[in-house]
Structures are given as C-alpha cells and as structure tokens.
Amino acid sequence: MNDNDFIFSDGQFDIWKDSLSDERTKQSSTKLLTKSNYLSAIQCSKYLWIRVNQADLISDPSEGLKHLFDSGHKVGALATQYFPGGIDLSADDFLKNIKNTQELIGRVDRKPIYEAGILIDRLYARIDILVPVENSEWDLVEVKCSTKVKDIHYPDVAFQRYICERSGLKIRNCYLMRINNKYVKNGDIDVNELFELEDLTSDLKEFSVSVEESVEGLLKVIDMPECPNVGICENCFKPYECPLQYKCFEHVPEKSIFEFHGMRKSKQFKYYDAGKLLMSDVAENDLSDKHVIQRQCSIEDNPYINKDDINAFIDGMKYPLYFMDFETFLEPIPRFNNSRPYQQIPFQFSVHVQKSVGSTLEHTMFLDRTSKDPREEFGSKLKASLEEEGSIIVYYAPFEKSRLKELARDFPQYADWVDMILPRIVDLRDPFSKFWYYHSSQRGSASIKKVLPAVTGISYDGMEISDGSSAFREYTRVTYSDVAEDEKQRVYNALEKYCALDTEGMVNIVNKLKEIT
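Per this note's numbering, residue 2 is the first one in the sequence shown, and the count goes up by one each step.
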C-alpha cells in the first residue's frame, strides 16, 4: 500500500542539499544571493526574503526528508568517482572553501574540484564538480538525484554558470549528472552506468539572460526592510510545495476550495481570486459530480453513500478474503544485485484472512530482519500465505500489483504464480476514490489514513510508526546500520503493529461498508 501516505520526490534531495550550502554562508555577515535563494525567488519573492531575513520561520525538514538528504549526500560523494583524481572541498567551511577554490583554479596542474565555492559581488554558489578541460576552460557539472532533467534544473545550472563567468572563470560546457533508473546492479556499483550526463549548454542561453537581468533586482529584495506582501497563488505548489504554506495559508479554513479532490490548482485559484473560499461558495453547476458531493457534505456534514455501487463492489468479493499490504523502501543507489535505482524493495507484508462470512480472522506476516536482499524470501512467504482461490483485497492496487510484477521480473520462479493472483486483486480504494462513500473529514483525500477514521473511527494516532515514510526510514535505519539489538527489536515490533493495522483496518472498512448498505 503506497496510497500516497509516502510520496517520493527525487527533487526533494536537491532542496536540502542546496539548503546545507546556505547554512555555511552564515559565516558571512553580508546578505548573499545563493543558488538556492535564487531558485526560491523564481517561486516567490516573499519566500526569498524570509529565507534570508527570517529563516527561523521556515520549518526544519521532516525526519523523512532528512533521510532523503543523507541519501543525497551519498549520491554526491559517489558522483565524484565519475571524474576521479580530484580534490574534495566539501568539508571546508564557507571562507576556507572559497579561498581553497581560488587557489585550485589558479594552479598549473589543474584537477577536478568537488564542491567548489564561488563568491562574487554578493552572489554565491557551490559547484558540485568543476572539471578542467583544454584552453584553460572548465566544465561545470551539477549532480542531481533526479532520473530526468526537470524545468527547474535549467535556471539552477544557469545561475551557477553566471557566477563562474562573472568571477572570471571560463566555462566550456554545462552538464547535469542524473541517475540512470534503467541501471541494474550486478556486483560493485558502476558509476559510469549509474550516472548519465546531460549536456545543457545549448539550452541555457535564455536562462542565462534571465539570471543576468534579475540578480540585481533580487539583491534589492533581500535588502528590503520589510517582507514583500505576496498573496497565495499556484507558485505556492511549484516547482515544489513551499515550506511557508503553513503560514501563508493560515486564513484558509477547513472545507475550502483547496480540498476539492483532484481539482487543478489553476481552477482552485480562479475561485479563490473571485472571492470563493469555501466549497459552498461555488455553484453546483460549475462543479463535477464528485465535487458536488464534496460541496454537499461540507454543508450537511453527513456522509454521502451510494449503496448500489458499494453493494455491487462487496458482492464481487469471493471468499476466502485476503486483506494484504506491503511495506517497501527505495534508494537512489541500488543496494542489492539485480535491483535498480529507486526500485521499491518489499521487506514486509501483512495478510489478514477471513475464510467465510463471520469467521475468525487469521493473520500471517513477514518482516525481514536480516541485512540481506529480502525479496526472494518475501515472495516465498507471501505465496505460502495466499491460497489458490479468494479475493485479495489491497488499498491502492497499482502499488501492490507493481511490486508483484517486479518480483516476477527479478525472480522468474514467481512469474506464473504472480500471473494467477493479479486478476484476484480487489482495490478497496475504489469506493472512496470513485466517491461511492465520502465524508467531509476526509478533506478530499481517499488515502486510508483519512478513510479509516472517517468510516470506522479508528486512526493511526499514537502509533510509534504511523505512515509509510517513517516505516521505510526506521526499517533501513535499524537494518542497515549499527544499531543496538534492543533498539532493533523495538522498531521491528512497531513495524509489525503498523502493517497489521493497515490490513486489519481494511477488514474494518469492509465490515462497515456492509453495515451501512
């Protein structure tokens, strides 16, 4: 079950990597326009000003993002092997880094420089890799954990190039080094296969002009005595969700237009700009059927129930019923042979079985507690837990189906079995994503974290591990690092309780749906 309780964005690595560079600049008493500040300004001038002048208003990264940040460091360190023999300045403080960079650039026997710091006229950037080439020129390499080039990467690299050239450095080409998600590990990591270089040089012209035209104005924004007055808009969500949303959206109440399920941000802000803040402010004839349901529930505060569709859904289930959930982790650098970057590695499952109507529930589960590849044993134990007939009920079927297909691909002995069980899978999310059942407390979400309390009154509150992000993070922390045995057992016990609640919760949801229809 991924069900959006943990949505991974490889771009998150880059946010916090750049923010760390800003931490180092605190040694400077001068307000600087750093690369991450520049990218913040593209999103919002208010965000830029607060980053520089009131950084305490920006929430610290969550534990999940810190975990991703640590992985990003590993990617950056590994990327230097693509250009071996260089000099690493990553451990240098702000001033020492700038000084050492200047010295290395001026040497006759030039070598690649990792984490080169360039400061010129209050503009600052750390360059992931500077590679010496002929004619006293350099290639600029920006390392990303992304698997593709994104729109935000162009101004990112253009800003770095501008600073380098303004400081007198001759830049020949600019590259973005990204993760090749088609790479399959076989033995030691092959950095020449794991990473791919994208030449952005010819695409940077318009972005370079934009940088040159905007930097002086942005320095003036930084120097303003008060924060710019900027209202909320689509930029609050792109290219990443702004960490100031908690502050800027304080005036937005529950049951607002921003809870309309799946509605485009452009349409939501069209309503907002017209003074329509609540769902009830929008006329029904301007809404889809699902949004009409949400609007009505926001007024009456009673659930909407489509009994006919729910009954047909329940009647389609064939006993015995298997309520199944997987937990997985993913990493940019594949850990196991025959695995790929960002591949979801299943390490745990829970299956609750109800063999007939009203029968006692049976529970089987698996949690790998070794540091070995868990996938093959995962498949073996799961196969033993599912008999040849009966519906297999999951929440958000694309996730479990994808993991099963990957299991069949990577371990062909399971291919025939996977082909047989895939048609038996029933997605319990359907009644909620299709709005056969909706309660306003779901706040527009069909996630089981919202649905379970809305339908049954049971919640994940108070659990030591209460979401997929913390499950993934805690599992990898205690399994693949040096942790005391009692700490491992504490985390493993919490993981078992969490995964069991996912499947037991599905049982309770089905029982409640039967009751209300």
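Every residue gets a Cβ at the ideal spot worked out from N, C-alpha and C, and that includes glycine.
| Backbone secondary structure at Phe14 - three-state DSSP | If you number the sequence shown from 1, residue 14 lands on position 13. Residue placement at Phe14 cannot be trusted, given a pLDDT of 49 that sits under 50; what the coordinates show is reported in the next sentence. Here Phe14 sits in helix by DSSP.
| Taking one C-beta from the region 469 to 479 and one from the region 489 to 504 each time, how about it: are there three or more such pairs within less than 8 angstroms? | Yes: at least three Cβ pairs fall under 8 angstroms.
| So what does DSSP say about Tyr439, is it helix, strand or coil? | Your numbering for residue 439 matches position 438 in the sequence shown. Looking at Tyr439 - three-state DSSP - the assignment turns out to be strand.
| Straight-line Cα distance separating Asp189 from Pro254 | Here residue 254 is taken as the residue at index 253 of the sequence shown, counted from 1. Here residue 189 is taken as the residue at index 188 of the sequence shown, counted from 1. Their Cα atoms are separated by approximately 53 angstroms.
| Residue range of the unbroken alpha helix (DSSP H) whose run includes Ile294 | The residue labelled residue 294 in the question sits at position 293 within the sequence shown. Segment 290 to 301, the alpha helix (DSSP H) holding Ile294.
| said: Which residue wins for smallest C-alpha separation from Val419, given the options Pro133, Leu429, Arg430, Glu407? | reply: As a working mapping, residue 419 is identified with position 418 in the sequence shown. Out of Pro133, Leu429, Arg430, Glu407, Glu407 has the C-alpha closest to the C-alpha of Val419.
| query | By how many angstroms is the C-alpha of Phe327 removed from the C-alpha of Glu505? | reply | Reading the sequence shown from its first residue, position 504 is the one you call residue 505. Reading the sequence shown from its first residue, position 326 is the one you call residue 327. Approximately 13 angstroms, taken between the alpha carbons.
| query | On the premise that Val293 lies in contact with Trp50, defined as a C-beta separation below 8 angstroms, what is that separation, rounded to the nearest angstrom? | reply | On the sequence shown, position 49 is the one that residue 50 refers to. On the sequence shown, position 292 is the one that residue 293 refers to. Trp50 to Val293, Cβ: 41 angstroms. No contact.
| query | Per the contact definition of three or more C-beta pairs closer than 8 angstroms, is the region 140 to 152 in contact with the region 160 to 167? | reply | Contact between the region 160 to 167 and the region 140 to 152 is present: three or more C-beta pairs spanning the two stretches fall below 8 angstroms.
| task | Grab the span of the beta strand (DSSP E) containing Tyr176 for me, first residue to last. | result | Translated into the one-based positions of the sequence shown, residue 176 becomes position 175. Per DSSP, Tyr176 is one residue of the beta strand (DSSP E) stretching across 172 to 180.
| query | Name the DSSP bridge partner or partners of Arg127? | reply | Counting from 1 along the sequence shown, the entry for residue 127 is found at position 126. DSSP lists Gly118 as partners of Arg127.
| request: Tell me whether Tyr305 sits in a helix, a strand or coil according to DSSP, three-state version. | output: Looking up residue 305 in the sequence shown gives position 304. Tyr305 falls in the strand class under three-state DSSP.
| field | Start-to-end residues for the beta strand (DSSP E) that takes in Ser137 | value | The sequence position of residue 137 within the sequence shown is 136, counting from 1. Element bounds for Ser137: n/a, residue is neither H nor E.
| With a CB to CB cut of under 8 angstroms and the five nearest residues on each side skipped, what residues in its chain are close to Ala99? | Working through the sequence shown from its first residue, we reach residue 99 at position 98. Residue 99 is actually Ile in this sequence, not Ala. Counting only Cβ-Cβ distances below 8 angstroms, and skipping sequence neighbours, we find Gly118, Ile119, Leu120.
| message | Going by DSSP in three states, Thr329 sits in which element: helix, strand or coil? | response | For this step, residue 329 is matched to residue 328 along the sequence shown. Strand, per DSSP.
| task | Let me know the secondary structure DSSP gives Ile8 once reduced to three states. | result | Residue numbering aside, residue 8 sits at position 7 when the sequence shown is read from its first letter. Only weak support exists for where Ile8 lies, its pLDDT of 38 falling under 50; the value from the coordinates is given anyway. Ile8 falls in the coil class under three-state DSSP.
| request: For Ser203, name the three-state secondary structure that DSSP assigns. | output: Indexing the sequence shown from 1 puts residue 203 at position 202. Correct three-state label for Ser203: helix.
| field | First and last residue of the uninterrupted beta strand (DSSP E) at Leu368 | value | The count along the sequence shown starts at 1 and reaches residue 368 at position 367. From DSSP, the beta strand (DSSP E) with Leu368 extends over 363 to 368.
| field | Beta-carbon separation (whole angstroms), Gly391 vs Leu322, contact threshold 8 angstroms | value | Here residue 391 refers to the residue found at position 390 when the sequence shown is read from its first residue. Here residue 322 refers to the residue found at position 321 when the sequence shown is read from its first residue. Sure, about 6 angstroms apart at Cβ, within 8 angstroms.
| Should Asn311 go down as buried or exposed, given a rule of 16 or more other Cβ atoms within 10 Å for buried? | Position 310 of the sequence shown holds residue 311. It is worth fixing the name first, because residue 311 is Ile in this sequence and not Asn. Counting Cβ neighbours within 10 Å, Ile311 comes out buried, since at least 16 surround it.
| message | Let me check understanding here. Comparing Cα to Cα, which of Glu388, Lys451, Gly445 lies closest to Arg425? | response | On the sequence shown, residue 425 is found 424 positions in, with the first residue counted as 1. Nearest C-alpha to Arg425: Glu388.
| request: Please determine, among Glu64, Thr365, Asp369, the residue with the shortest C-alpha to C-alpha distance to Lys489. | output: Taking the first residue of the sequence shown as 1, we reach residue 489 at position 488. For the residues Glu64, Thr365, Asp369, the minimum Cα distance to Lys489 belongs to Asp369.
| Spatially closest choice to Phe136 from Arg123, Arg111, Glu194, Lys97, by CA coordinates | On the sequence shown, residue 136 is found 135 positions in, with the first residue counted as 1. Going by the sequence as given, residue 136 is Asn instead of Phe. Nearest option by C-alpha distance: Arg111.
| Going by alpha carbons, who is nearest to Asp204 out of Met225, Ser41, Arg478, Asp157? | The residue labelled residue 204 in the question sits at position 203 within the sequence shown. Checking every option, the nearest Cα to that of Asp204 belongs to Asp157.
| Buried versus exposed, by CB contacts within 10 Å (16 or more), Asp6 | Locating residue 6 in the sequence shown gives position 5, counting from the first residue. Its pLDDT being 42, under 50, Asp6 is placed unreliably in this model, and the value from its coordinates should be taken loosely. By the neighbour-count rule (16 or more Cβ atoms within 10 Å), Asp6 is buried.
| request: State the beta-bridge partners of Asn350 as determined by DSSP. | output: By 1-based counting over the sequence shown, the position of residue 350 is 349. Looking at the sequence provided, one finds Phe at residue 350 rather than Asn. The partner list for Phe350 (beta bridge, DSSP) reads Phe327, Phe367.
| task | Starting from the N-terminal side, write out each stretch of the alpha helix (DSSP H) that is 4 residues or longer and does not extend beyond the region 373 to 425. | result | If we require 4 residues or more, the alpha helix (DSSP H) runs fully inside the region 373 to 425 come out as 376 to 386, 398 to 411, 416 to 422.
| request: Measure the Cβ-Cβ separation of Pro375 and Phe348 and say whether it is below 8 angstroms. | output: Stepping through the sequence shown from its first residue, residue 375 is reached at position 374. Stepping through the sequence shown from its first residue, residue 348 is reached at position 347. Cβ distance < 8 angstroms, so Pro375 and Phe348 count as in contact.
| task | Check each candidate in Ile43, Leu278, Asn509, His252 and name the one with the smallest Cα separation from Phe259. | result | Here residue 259 corresponds to residue number 258 of the sequence shown, with the count starting at 1. Nearest of Ile43, Leu278, Asn509, His252 to Phe259, Cα basis: Leu278.
| Beta-carbon proximity check, Phe84 vs Ile130, cutoff 8 angstroms | If you number the sequence shown from 1, residue 84 lands on position 83. If you number the sequence shown from 1, residue 130 lands on position 129. Yes, the Cβ-Cβ distance between Phe84 and Ile130 is below 8 angstroms.
| request: Taking Asn193 as the reference, give the member of Asp200, Leu201, Asp468, Ile180 with the closest Cα. | output: Taking the first residue of the sequence shown as 1, we reach residue 193 at position 192. That would be Ile180, whose Cα lies nearest to the Cα of Asn193.
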